[in-house]
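Novice: Next up is a structure, given as structure tokens.
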Amino acid sequence: GVVVTGGVPDVRGWLAAADCVVAPLRIARGVQNKVLEAMAMGRPVVASPQATEGIDAVPGEHLLVPQDIAREAEAILSLLADPARAAALGQAARRRVEARYDWAETLAPLEAMLFGQEREER
Numbered sequence: 016g017v018v019v020t021g022g023v024p025d026v027r028g029w030l031a032a033a034d035c036v037v038a039p040l041r042i043a044r045g046v047q048n049k050v051l052e053a054m055a056m057g058r059p060v061v062a063s064p065q066a067t068e069g070i071d072a073v074p075g076e077h078l079l080v081p082q083d084i085a086r087e088a089e090a091i092l093s094l095l096a097d098p099a100r101a102a103a104l105g106q107a108a109r110r111r112v113e114a115r116y117d118w119a120e121t122l123a124p125l126e127a128m129l130f131g132q133e134r135e136e137r
């Protein structure tokens, strides 16, 4: 079934229990951490194009990004019907987050700007 929780103090338990995570946003501002959190937890994600803006992921490889509501429903049902595919998509999502959103990689440009070359040479 579908569970809509609203705000929760810790999303990890909910995400771990999810067969897939859906972000059907029609209006979004900035990177949607909810999508990155689900990907980081290795969950398969179905998200609207608006929900994935600014996220460095390849539709169909790291998450599913249907272009309309009918295709969103189809994508969700396809993942629920094929747990192996859902698991593979979730694993690919996790690897992508580890590769592109690791703190060391994310903060390296800021650290170089703030501390210059001297920090890199240490």
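Heads up: the sequence shown runs through residues 16 to 137, numbered per our numbering.
Don't be surprised by glycine CBs; every beta carbon is placed ideally from N, CA and C.
Along the chain, where does the alpha helix (DSSP H) containing Val61 start, and where does it finish?
Specialist: No alpha helix (DSSP H) contains Val61, which is instead part of the beta strand (DSSP E) from 60-62.
Novice: Please go through the same chain and pick out, in chain order, the residues whose beta-carbon is closer than 8 Å to the beta-carbon of Ile13, but skip the five residues on each side of it.
Specialist: This structure gives no information on residue 13, because the portion of the chain shown stretches from 16 to 137.
Novice: Which of the three DSSP states is assigned to Ala114 in this structure?
Specialist: If DSSP states are grouped into helix, strand and coil, Ala114 belongs with the helices.
Novice: What three-state label does DSSP hand Ala72 in the structure shown?
Specialist: Looking at Ala72 - three-state DSSP - the assignment turns out to be coil, as it is neither helix nor strand.
Novice: Relative to the C-alpha of Ala90, which candidate in Val36, Ala31, Val26 has its C-alpha closest?
Specialist: It is Val36.
Novice: Are Leu40 and Tyr116 touching if we call contact CB-CB under 8 Å?
Specialist: Taking 8 Å as the Cβ cut-off, Leu40 and Tyr116 do not qualify as a contacting pair.
Novice: So, at 7 Å on beta carbons, what are the nonlocal neighbours of Ala31 in its own chain, with the 5 sequence-adjacent residues on each side left out?
Specialist: Excluding positions up to five away in sequence, the list reads Met56.
Novice: Measuring alpha carbon to alpha carbon, tell me which of Gly105, Phe130, Ala62, Arg100 ends up nearest Arg86.
Specialist: Taking only the C-alpha atoms, the option nearest Arg86 is Ala62.
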